[in-house]
Amino acid sequence: MAISSLVHLGSIMGGVRTVDQVGVEERAASLGKRSIKKASKVWALELAIRMMDLTTLEGADTPGKVAALCSKGIRPDPADPSVPSVAAICVYPAMIRPAVEHLRGTDVLVASVATAFPSGQTFLDVKLAETKEAVAAGADEIDMVIDRGAFLSGDYQKVYDEIVAIKEAAGAAHLKVILETGELGTYDNVRRASVLAMTAGADFIKTSTGKINPAATPPVTLVMMEAIRDFHRETGRAVGLKPAGGIRTAKQAVQYLVLLYETLGPEWMTPERFRIGASSLLNDCLMQLAKERTGAYQSGDYFTLD
Amino acid sequence: MPDRVEVRKTYKLYLGGEFVRSESGRSYQPAADVNIPRGSRKDLRDAVRVARGAFAGWAGKTAMNRGQVLYRAAEMLDGRRQQFIAELGGGRRAGREVDAAVEAFIWYAGWTDKLAQVAGTVNPVAGPYFNFTIPEPTGVVGVVAPDEPALAGLVLRIAPALAGGNTVVALASEKSPLPALTLGEVLATSDFPPGVVNVLTGFRKELLPWLASHMDVNAIDASGCSREELTAVEEAAAANVKRVVKPNGRRARLTPQAVTDLMEMKTVWHPIGV
Amino acid sequence: MALTKRRDTALAKQSFDYAPAPEAVDHVKIADRYGLFIGGKFVEPKSGKHFPTINPATEAVLSHVAEALAADVDRAVEAASRAQQSWGRLSPSRRARYILRISRILQERARELAVVETMDGGKPIKESRDVDIPLAAAHFFYYGGWADKLEWAFPNRSPRPIGVCGQVIPWNFPLLMLAWKIAPALAAGNTVVLKPAETTPLTALLFAEICQQAELPPGVVNIITGAGKTGSLLVQHPDVRKVAFTGSTEVGKLIQRSTAGSGKRLTLELGGKAANVVFDDAPLDQAVEGIVNGIYFNQGHVCCAGSRLLVQESVAGALLEKLRRRVDTLRLGDPLDKNTDIGAINSKAQLEKIEGLVESGREEGAEIYQPPCELPAKGFWFPPTIFTGVSQSHRIAREEIFGPVLSVLTFRTPAEAVEKANNTPYGLSAGVWTEKGSRILWMTQQLRAGVVWANTYNRFDPTSPFGGYKESGFGREGGLHGLIPYLELN
Numbered sequence: 526m527a528i529s530s531l532v533h534l535g536s537i538m539g540g541v542r543t544v545d546q547v548g549v550e551e552r553a554a555s556l557g558k559r560s561i562k563k564a565s566k567v568w569a570l571e572l573a574i575r576m577m578d579l580t581t582l583e584g585a586d587t588p589g590k591v592a593a594l595c596s597k598g599i600r601p602d603p604a605d606p607s608v609p610s611v612a613a614i615c616v617y618p619a620m621i622r623p624a625v626e627h628l629r630g631t632d633v634l635v636a637s638v639a640t641a642f643p644s645g646q647t648f649l650d651v652k653l654a655e656t657k658e659a660v661a662a663g664a665d666e667i668d669m670v671i672d673r674g675a676f677l678s679g680d681y682q683k684v685y686d687e688i689v690a691i692k693e694a695a696g697a698a699h700l701k702v703i704l705e706t707g708e709l710g711t712y713d714n715v716r717r718a719s720v721l722a723m724t725a726g727a728d729f730i731k732t733s734t735g736k737i738n739p740a741a742t743p744p745v746t747l748v749m750m751e752a753i754r755d756f757h758r759e760t761g762r763a764v765g766l767k768p769a770g771g772i773r774t775a776k777q778a779v780q781y782l783v784l785l786y787e788t789l790g791p792e793w794m795t796p797e798r799f800r801i802g803a804s805s806l807l808n809d810c811l812m813q814l815a816k817e818r819t820g821a822y823q824s825g826d827y828f829t830l831d
Numbered sequence: 002m003p004d005r006v007e008v009r010k011t012y013k014l015y016l017g018g019e020f021v022r023s024e025s026g027r028s029y030q031p032a033a034d035v036n037i038p039r040g041s042r043k044d045l046r047d048a049v050r051v052a053r054g055a056f057a058g059w060a061g062k063t064a065m066n067r068g069q070v071l072y073r074a075a076e077m078l079d080g081r082r083q084q085f086i087a088e089l090g091g092g093r094r095a096g097r098e099v100d101a102a103v104e105a106f107i108w109y110a111g112w113t114d115k116l117a118q119v120a121g122t123v124n125p126v127a128g129p130y131f132n133f134t135i136p137e138p139t140g141v142v143g144v145v146a147p148d149e150p151a152l153a154g155l156v157l158r159i160a161p162a163l164a165g166g167n168t169v170v171a172l173a174s175e176k177s178p179l180p181a182l183t184l185g186e187v188l189a190t191s192d193f194p195p196g197v198v199n200v201l202t203g204f205r206k207e208l209l210p211w212l213a214s215h216m217d218v219n220a221i222d223a224s225g226c227s228r229e230e231l232t233a234v235e236e237a238a239a240a241n242v243k244r245v246v247k248p249n250g251r252r253a254r255l256t257p258q259a260v261t262d263l264m265e266m267k268t269v270w271h272p273i274g275v
Numbered sequence: 004m005a006l007t008k009r010r011d012t013a014l015a016k017q018s019f020d021y022a023p024a025p026e027a028v029d030h031v032k033i034a035d036r037y038g039l040f041i042g043g044k045f046v047e048p049k050s051g052k053h054f055p056t057i058n059p060a061t062e063a064v065l066s067h068v069a070e071a072l073a074a075d076v077d078r079a080v081e082a083a084s085r086a087q088q089s090w091g092r093l094s095p096s097r098r099a100r101y102i103l104r105i106s107r108i109l110q111e112r113a114r115e116l117a118v119v120e121t122m123d124g125g126k127p128i129k130e131s132r133d134v135d136i137p138l139a140a141a142h143f144f145y146y147g148g149w150a151d152k153l154e155w156a157f158p159n160r161s162p163r164p165i166g167v168c169g170q171v172i173p174w175n176f177p178l179l180m181l182a183w184k185i186a187p188a189l190a191a192g193n194t195v196v197l198k199p200a201e202t203t204p205l206t207a208l209l210f211a212e213i214c215q216q217a218e219l220p221p222g223v224v225n226i227i228t229g230a231g232k233t234g235s236l237l238v239q240h241p242d243v244r245k246v247a248f249t250g251s252t253e254v255g256k257l258i259q260r261s262t263a264g265s266g267k268r269l270t271l272e273l274g275g276k277a278a279n280v281v282f283d284d285a286p287l288d289q290a291v292e293g294i295v296n297g298i299y300f301n302q303g304h305v306c307c308a309g310s311r312l313l314v315q316e317s318v319a320g321a322l323l324e325k326l327r328r329r330v331d332t333l334r335l336g337d338p339l340d341k342n343t344d345i346g347a348i349n350s351k352a353q354l355e356k357i358e359g360l361v362e363s364g365r366e367e368g369a370e371i372y373q374p375p376c377e378l379p380a381k382g383f384w385f386p387p388t389i390f391t392g393v394s395q396s397h398r399i400a401r402e403e404i405f406g407p408v409l410s411v412l413t414f415r416t417p418a419e420a421v422e423k424a425n426n427t428p429y430g431l432s433a434g435v436w437t438e439k440g441s442r443i444l445w446m447t448q449q450l451r452a453g454v455v456w457a458n459t460y461n462r463f464d465p466t467s468p469f470g471g472y473k474e475s476g477f478g479r480e481g482g483l484h485g486l487i488p489y490l491e492l493n
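Chains as they are written, first to last, in this note's numbering: chain A, 526 to 831; chain B, 2 to 275; chain C, 4 to 493.
Here it is as structure tokens:
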């Protein structure tokens with residue numbers, strides 16, 4: 526990297542504002558108390574499904590498991606064809622091909638984690654190769670992890686360079702950069718990592734791998750939204766956001782949409798700019814939709830487990 | 002003919018760290034052989050102005066430093082013990098009064114760096130906040146000294162006001178002003194910055210209404226006021242919501258409440274987070 | 004390009020309109036008429052007069068309450084004097100139990116009280132539900148605990164009750180202000196006659212029912228309703244030994260004058276014109292929340308509202324852009340809707356006062372910003388308002404507006420910020436936003452105000468003393484210090 530670029534990155538990172546923990550948590554909590562009912566609840570739940578990256582990231586994943594998940598994602602509620610498809614199916618690289626197979630001819634995208642997910646602790650060449658292969662296998666979207674070790678040791682340049690390289694390797698595929706906020710320790714770091722990832726070219730920034738607790742939380746997501754808002758104001762570039770991990774109930778999903786609506790506004794209320802990484806969330810959304818439709822509280826026995 | 006002609010002292014107001022005659026040019030004679038400056042409302046105005054000017058500096062000194070200055074006043078007062086006994090009419094009672102005044106300076110000197118620990122609190126609020134309350138000086142305090150005891154009565158009121166970090170404009174007893182004016186000399190040699198404490202003499206009815214209504218005076222210790230004067234002071238004080246400390250037997254004693262009565266409690270909140 | 008696969012997103016971009024989310028009111032019973040609560044019973048006023056109390060969001064009459072005049076005030080003070088004998092001598096632990104019982108009943112009936120508070124006063128239900136009522140209950144719980152520990156609170160000083168307390172409270176936090184007044188008074192062994200504001204009497208009358216439910220001895224708490232005249236009769240009553248008032252500086256001065264020479268103990272919690280100071284290193288997004296909470300909480304009907312925003316010039320542009328954007332998201336409307344951020348202005352008179360001062364701001368050349376928002380046809384409403392280009396000499400920078408109106412001024416250096424912040428006859432509260440620890444401490448030292456919120460704003464707690472410097476009044480409410488005005492101490 527040229528010296529001018531080093532200086533540039535330094536001044537960007539130095540200019541990142543701090544975040545007050547108590548203030549941001551109170552704001553997130555107060556938005557969590559919004560009461561979303563009836564028509565607006567149905568609208569929000571359907572949108573949440575359309576924004577969902579339906580995910581399976583297990584060592585035990587098989588083509589059969591992925592196929593089932595794809596069917597679920599395409600048509601979440603066999604009893605109600607009006608329920609929309611999810612945005613994407615998110616899998617490990619080895620499962621890209623079966624996913625592509627099953628999703629052919631639908632609107633549902635294939636997202637793959639890459640770059641030695643979830644730790645990212647391997648050689649850059651390996652990460653680049655994995656990314657290229659994932660794209661070649663048909664992934665529409667790449668969810669990479671940042672090098673938290675480098676970030677926490679203050680080597681922002683390394684993190685930055687790696688994102689730039691992966692972005693290039695991903696080519697036309699959409700790049701989501703996972704910050705793994707549960708390992709960053711402070712909201713200040715979350716904000717700093719957000720700015721770093723956006724500056725390096727991320728199309729989306731994403732909270733978590735889902736393998737670390739805590740994963741997505743409303744205040745962490747709010748901090749990232751505020752960073753996106755400021756980045757948009759300063760550069761004109763709109764970056765998307767994906768909270769992932771820990772979002773299991775429809776109520777939580779609606780709270781995230783409230784957070785989104787009141788922070789980034791209606792322009793971000795689209796799967797092009799917001800995703801929710803989840804697995805069990807989908808059925809809870811379906812049950813809530815059915816409750817709104819029928820007026821009766823629902824049982825899990827009536828919703829498919831795939 | 003006496004073999005020695007005494008060099009008499011010209012009594013002056015103690016104002017802004019200097020000894021000055023009243024701008025009125027007038028004087029009055031509480032006793033036949035002495036001319037006491039008859040302070041005017043303009044002298045009072047000037048005193049409040051210098052007291053206001055001195056406030057930030059005095060309040061901003063360390064508590065330890067204020068304690069040292071007050072203790073210095075005790076040293077200076079004790080050094081002039083005989084002179085004060087004479088001015089108070091001599092005898093054991095006068096001696097006890099001077100001792101009480103010395104003791105008041107020492108006692109309140111000791112409070113300067115302890116009061117916040119006794120009167121302040123850390124408040125366990127139900128949330129992620131650090132919250133504490135500390136006493137701060139009220140500002141410019143007017144002190145109306147009682148006639149009796151003329152010296153100790155004044156010291157028992159200005160010492161706690163000063164210990165708390167206020168600056169003071171004191172109206173001496175009209176009837177017995179001499180000890181107050183001599184006390185000015187003690188104060189002048191005790192390292193009080195100019196204007197921190199000011200002593201005026203004159204007619205109560207010419208000064209008190211201006212003090213009570215002055216918009217730049219924050220509090221009045223009305224210890225020396227009669228019932229009627231107190232009512233008038235309290236009415237006038239409402240113009241800028243002055244704190245009025247009512248005459249109270251308790252104030253003749255040493256008590257930390259004499260300090261806190263002339264202090265504000267400030268509460269500070271700050272979030273606790275990473 | 005992957006995204007070409009996406010279908011039409013028009014649906015998603017439609018705005019997220021929250022459906023109405025009204026708080027249920029069917030569990031609330033408001034009587035058509037209320038008497039005065041004297042000696043443990045509701046009695047008809049000797050004045051024979053009643054007056055209506057309305058919902059400021061709809062202008063509908065909610066109830067009629069009695070107007071206490073001289074004979075009624077006499078009767079209430081007499082009941083309190085009689086009760087004082089036994090209440091003051093009751094063993095402290097028993098006194099504590101009554102107060103704690105009240106606290107519990109407030110919690111048990113919290114939602115009912117919140118709904119009535121919102122209906123009678125116009126504040127958003129989310130505030131009465133999450134702030135006013137829980138804090139009121141917490142106050143009784145806190146001071147109930149002090150009742151049998153006064154000797155430890157004030158060692159060597161023989162704490163004793165003063166006697167009958169005459170307490171007059173405002174309309175902005177009706178039940179909470181009642182709690183601030185009654186809880187410490189009772190804990191100290193006093194009895195009280197309390198007058199709620201004429202526009203918001205209902206929760207005080209529900210509180211009277213709660214006193215009955217708690218079997219508080221008759222006369223320990225007496226609630227009399229009425230307007231300024233009733234309050235004036237109460238504070239001037241010769242048998243009232245202690246007067247506590249929260250309200251405007253103007254009325255506070257009248258009370259101070261009218262009690263002159265009476266020997267009564269007096270505490271005043273009056274107006275404010277607080278500066279909320281934002282430095283260029285502040286966590287801006289949280290500062291914006293603090294500014295919004297500082298001035299739009301309770302429609303700005305808050306004595307400690309951060310009504311003057313002092314922002315460092317180097318960050319003013321960025322901050323104001325964020326602030327305007329945030330103010331655009333505030334939801335004004337039905338106070339009973341759980342999503343409402345800005346409720347109704349408490350009364351027509353208050354609305355006219357706000358309108359007058361805002362007009363003066365325009366005339367004096369300040370630039371006004373109000374988000375596009377529709378005001379309901381009925382009731383009293385005022386949109387959240389930001390004035391920029393304000394200077395210290397403008398009326399909107401000096402006078403307490405007591406409405407959702409923020410005046411923005413700029414500064415260049417910390418010294419200038421302090422000078423402007425303190426350049427007011429008031430001294431109730433102040434805010435400061437900066438990341439630098441030493442600057443926070445320096446600022447909190449310099450600001451002449453009774454409450455300083457650093458990197459936060461408008462936080463309250465029963466353990467935390469509250470009260471003003473200068474013309475914002477004297478005496479403290481809350482915390483250990485809040486007991487002092489209600490005790491005789493050696």
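C-beta atoms are modelled at their ideal positions from N, C-alpha and C, and glycine is treated no differently.
All values derive from a computational prediction rather than experimental measurement.
Could you tell me if residue i is buried or exposed, where buried requires 16 or more neighbouring beta carbons within 10 angstroms of its beta carbon?
| i | result |
| --- | --- |
| Thr56 of chain C | buried |
| Ala654 of chain A | exposed |
| Ile273 of chain B | exposed |
| Lys381 of chain C | exposed |
Using a cut-off of 8 Å between C-beta atoms, extract the partners of residue i located in chain C.
| i | result |
| --- | --- |
| Met266 of chain B | Gly453, Pro468, Gly470, Arg479, His484 |
| Glu583 of chain A | Ordered by position in chain C, no residue passes the 8 Å Cβ test against Glu583 of chain A, which lies about 25 Å from the chain. |
Any Cβ of chain B within less than 8 Å of the Cβ of residue i?
| i | result |
| --- | --- |
| Thr571 of chain C | The shown model of chain C, from 4 to 493, leaves out residue 571 of chain C, and the question about it has no answer. |
| Glu272 of chain C | no |
| Leu178 of chain C | no |
| Thr711 of chain A | yes |
Against chain C, with Cβ distances strictly below 8 Å, would residue i count as a contact?
| i | result |
| --- | --- |
| Asn167 of chain B | no |
| Val544 of chain A | yes |
Can you name the residues of chain B whose CB is closer than 7 Å to the CB of residue i?
| i | result |
| --- | --- |
| Trp456 of chain C | Trp270 |
| Gly548 of chain A | Pro272 |
Listing by chain order, which chain A residues have their CB less than 7 Å from the CB of residue i?
| i | result |
| --- | --- |
| Pro129 of chain B | Val547 |
| Val126 of chain B | Per Cβ cutoff of 7 Å: no residues; Val126 of chain B is ~12 Å from chain A at best. |
For chain A, check one thing: does any of its Cβ atoms lie closer than 8 Å to the Cβ of residue i?
| i | result |
| --- | --- |
| Val123 of chain B | no |
At 8 Å on the CB atoms, spell out the chain B contacts of residue i, in chain order.
| i | result |
| --- | --- |
| Leu492 of chain C | Gln258 |
Whole alpha helix (DSSP H) runs in the segment 353-420 of chain C with 4 or more residues, listed along the chain? 398-401
Scan the segment 273-356 of chain C and note each continuous alpha helix (DSSP H) run of 4 residues or more that stays entirely inside, going in chain order. 287-299, 316-331
Please give me, in chain order, every unbroken run of the beta strand (DSSP E) with length at least 3 that falls completely inside the segment 713-741 of chain A. 729-731
Contained beta strand (DSSP E) runs [length at least 3] in the segment 620-695 of chain A, N- to C-terminal order: 634-638, 666-670
Scan the segment 241-257 of chain C for residues whose Cβ lies nearer than 7 Å to a Cβ of chain A and list them as they occur along the chain. none
Unbroken stretches of the alpha helix (DSSP H), 4 residues or longer, contained in the segment 131-195 of chain C: 136-149, 153-156, 177-190
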